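Student:
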Amino acid sequence: MSVAKCLGVDDLDAPNMREVHAEWPRWQTVEVSLNVVDDIWELPRWLQRAEPVERDAVLAGLNRVAINDPRAYLALAWLLMPGASRIAGRLRRLTEVIDEVVAGQLWIQICEHDPADDSYVATTILRRVKCESMAELGVGELAKRRDPTWASSVLIERYDETMPAEEPDAEEPREQLIQLLRQALDSGALSDRDRGLLLDLAVAANLADAPLRRGRAGLTTPSVAQMVSDDHALAARTIRRRASKALDKLGEVARRNGLAM
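Per this note's numbering, the sequence shown runs over residues 155 to 415.
(1) For the candidate residues R349, T374 and D348, whose alpha-carbon lies nearest to that of A359?
(2) Under 9 angstroms between the Cβ atoms of Y274 and G350?
(3) Exposed or buried, S377, counting other C-beta atoms within 10 Å across all chains shown (16 or more means buried)?
(4) Going by CA-CA distance only, name the one from I221, V207, E205 and R209 that's closest to W181.
(5) Hey, how far is the Cα of N411 from the Cα of E266?
(6) At which residues does the alpha helix (DSSP H) containing M235 begin and terminate?
(7) Does the distance from the C-beta atom of R281 to that of D354 stay below 9 angstroms?
(8) Are the beta-carbon atoms of P236 and D384 separated by less than 9 angstroms?
(9) Using three-state DSSP, classify M317 as helix, strand or coil.
(10) Can you tell which of G372, R409, W195 and P224 has its C-alpha closest to the C-alpha of A397?
(11) Taking the alpha-carbon positions, what's the K159 to R409 distance?
(12) Since I believe D253 is in contact with M155 (beta carbons under 8 angstroms), could you give me their beta-carbon distance rounded to a whole number of angstroms?
(13) Please say whether I194 and A229 have beta carbons closer to each other than 9 angstroms?
(14) Taking the alpha carbon of T183 as the point to measure from, which residue in L233, R370 and R218 has its own alpha carbon closest?
(15) Whole angstroms is fine: what's the gap from L260's alpha carbon to Y227's?
(16) Which residue marks the beginning of the alpha helix (DSSP H) containing R370, and which one marks its end?
(17) For W99, I'd like the list of residues in its chain whose CB is within less than 6 angstroms of its CB, leaving aside the five on either flank, ordered along the chain.
(18) Are A257 and L213 close, meaning C-beta to C-beta below 9 angstroms?
(19) According to DSSP, is S273 part of a helix, a strand, or is it coil?
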């Protein structure tokens with residue numbers, strides 16, 4: 155089994171994919187952004203060479219077409235299959251049915267993606283697929299937030315009675331981080347693109363169990379940067395350099411606003 159097979163996009167000669175192929179010229183008359191290749195089977199190669207903004211325009215255009223013709227969702231799933239397959243590969247150790255889990259989440263996230271959101275379309279959808287798949291398997295921060303009882307049991311299990319009790323902080327670390335990111339965005343110190351990069355790196359670092367003492371708390375370790383390089387169409391070295399600059403800017407904002415970092 156594979157993610158592509160689960161969604162029925164593994165065989166271009168299958169009836170559903172032949173329909174997608176046949177509808178492509180009509181979709182191009184509806185969405186001018188799709189007029190980049192004559193044959194939809196040429197689209198993956200074109201996307202590899204295109205600039206991020208050009209890729210977003212095509213994916214967002216297909217998403218708008220799907221409002222009236224759900225077959226366009228199938229085209230989106232086919233185009234996002236390389237990223238979805240990588241996610242399944244990274245999570246395979248968690249369950250034997252990871253292809254089914256990722257396929258289900260990919261379809262959900264494609265269908266629920268806001269057609270008006272035309273920036274970082276592939277990155278946004280795939281990031282949600284990864285987070286939701288992990289949550290479905292009870293892994294990661296999202297799973298903890300959705301199941302407070304499970305999260306509490308983990309904390310109790312690790313509780314050490316020999317340690318003196320401390321008063322809880324006035325503000326949870328997660329809320330501090332949200333506040334810091336908002337301040338950095340509002341001040342212009344951090345761009346939406348860099349925020350997305352840092353969030354992707356955080357998810358990848360958590361998935362890879364990256365050591366916190368290396369590479370800016372694991373975020374800029376080579377293996378973690380490599381995990382997100384394809385999604386951002388950047389070399390791992392460039393990913394690490396951009397992330398380091400973004401983290402430096404976050405540190406400056408934190409110091410100016412008296413936040414711990």
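Note that beta-carbon positions come from the ideal geometry of N, C-alpha and C, so glycine has one too.
Predicted model only: the values in this text are computed from it and were never measured.
Tutor: Looking at the atomic coordinates:
(1) T374
(2) yes
(3) Around the beta carbon of S377, a 10 Å sphere encloses fewer than 16 other beta carbons of the protein chains shown; the residue is thus reported as exposed.
(4) Measuring from the Cα of W181, the nearest candidate turns out to be I221.
(5) 36 angstroms
(6) M235 to L245
(7) yes
(8) yes
(9) Any answer about M317 is weak, because its pLDDT of 39 lies below 50 and its placement is not dependable; what the coordinates show is given next. The answer is coil: DSSP assigns M317 none of H, G, I, E or B.
(10) G372
(11) Distance from the CA of K159 to the CA of R409, rounded to the nearest whole angstrom, comes to 50 angstroms.
(12) 5 angstroms
(13) yes
(14) R218
(15) 10 angstroms
(16) It is not in any alpha helix (DSSP H) - R370 carries neither H nor E in the DSSP assignment.
(17) Past the edges of the chain, shown from 155 to 415, lies residue 99, and the structure says nothing about it.
(18) No, the pair does not count as a contact, with Cβ atoms beyond the cut-off.
(19) coil
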